[in-house]
Structure formats: C-alpha cells, structure tokens
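Participant: Every letter in the sequence shown is one number past the one before it in the numbering used here, and letter 11, counting from 1, is 106. Got a structure for you, written out below as structure tokens; questions coming shortly.
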Amino acid sequence: MAASNTTIDQLNETAQHTALETFAKFYLDRFFGAGLDVFSQIVTQGNLADINHYLLDNQPLTREELTAGLLTNRSGNLLDLLKQVKVTFNAQGAPETPWNDWYADQIDGLPQGL
C-alpha cells in the first residue's frame, strides 16, 4: 500500500485524536524508559519542557491517566511536536512508520560522538 504523506494538520478530527493518543502513549514510554534524546535534537520550541513539566507534576497518576491528561492539558504541545518531527499518517491517524521504528531511524541519523 502506498504511503499517504498526510501530515498531522491534514487529518480529520477523529484521525488527529487517534494520532495524538498514539503519540502520547509512545512519548510516555520514552519518557519513563529509554529517554527522549531524539526529540531534544529535533524540537526547537518549548513543547518538550511543557509536556515534561506536566508529567513530572503528575507522576503519581497511572499511564492511562497521564495519557488522558496529556490529551486534555497538552494537546497543543503534542500537536506542535508532531508538526516539527514531520511524521506522516494514514487516513485513520496511524503513523506511516511505527513510532519505535521512526525513533530508531532517527537515532541512526544522528551524528555520532567521538
């Protein structure tokens, strides 16, 4: 199947919500797991700080509660972040490249240190 090359801001409301929710869950896995190094290399605005501040302030919440909270309180930051990383989506809001694969590809493309 051919890629749609649809950006986050071209999705309908339902698909955009799906994209934001899927991304929020992936972001939480990175935040509480292996880190967000790739995003710090790509993102130039304060979206990471705003999202991370919300997560740190709400650490006692479950992952499900954090996901819902991000979608309610930080959806604008998530949307801006998705615009900056330039990921494309299918019509249902799923990323054309699964998030873990996208992240691995981004790591491979980063300059290596000494």
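For each residue, glycine too, the CB sits at the ideal point set by N, CA and C. As the structure is a prediction and not an experimental result, all values here were calculated from the model.
Figure out for me which residue from L123, Q105, S99, N142 has the closest Cα to the Cα of Q179.
Facilitator: Reading the sequence shown from its first residue, position 84 is the one you call residue 179. For the residues L123, Q105, S99, N142, the minimum Cα distance to Q179 belongs to N142.
Participant: Only counting the same chain, and skipping five residues up and downstream in sequence, which positions put a Cβ closer than 6 Å to that of M96?
Facilitator: What you label residue 96 is simply residue 1 of the sequence shown in a count that begins at 1. Low per-residue confidence applies at M96: pLDDT is 46, beneath 50, and the placement is therefore not dependable, though the value from the model is reported in the following sentence. Contacts found: none.
Participant: Within its chain, find whatever has a CB closer than 7 Å to the CB of T162; leave out the 5 residues flanking it on each side and keep chain order.
Facilitator: Here residue 162 refers to the residue found at position 67 when the sequence shown is read from its first residue. Hits under 7 Å: E116, A119, K120, L123.
Participant: At the level of alpha carbons, what is the spacing between T102 and Q187?
Facilitator: Counted from its first residue, the sequence shown places residue 102 at position 7. Counted from its first residue, the sequence shown places residue 187 at position 92. One C-alpha to the other measures close to 12 Å.
Participant: Assuming Q111 is part of the alpha helix (DSSP H), what are its boundary residues?
Facilitator: Here residue 111 refers to the residue found at position 16 of the sequence shown. Counting along the chain, the alpha helix (DSSP H) containing Q111 begins and ends at 108 to 127.
Participant: Just how far apart, CA to CA, sit V133 and Q201?
Facilitator: Numbered from its first residue, the sequence shown carries residue 133 at position 38. Numbered from its first residue, the sequence shown carries residue 201 at position 106. The alpha-carbon atoms of V133 and Q201 are separated by roughly 7 Å.
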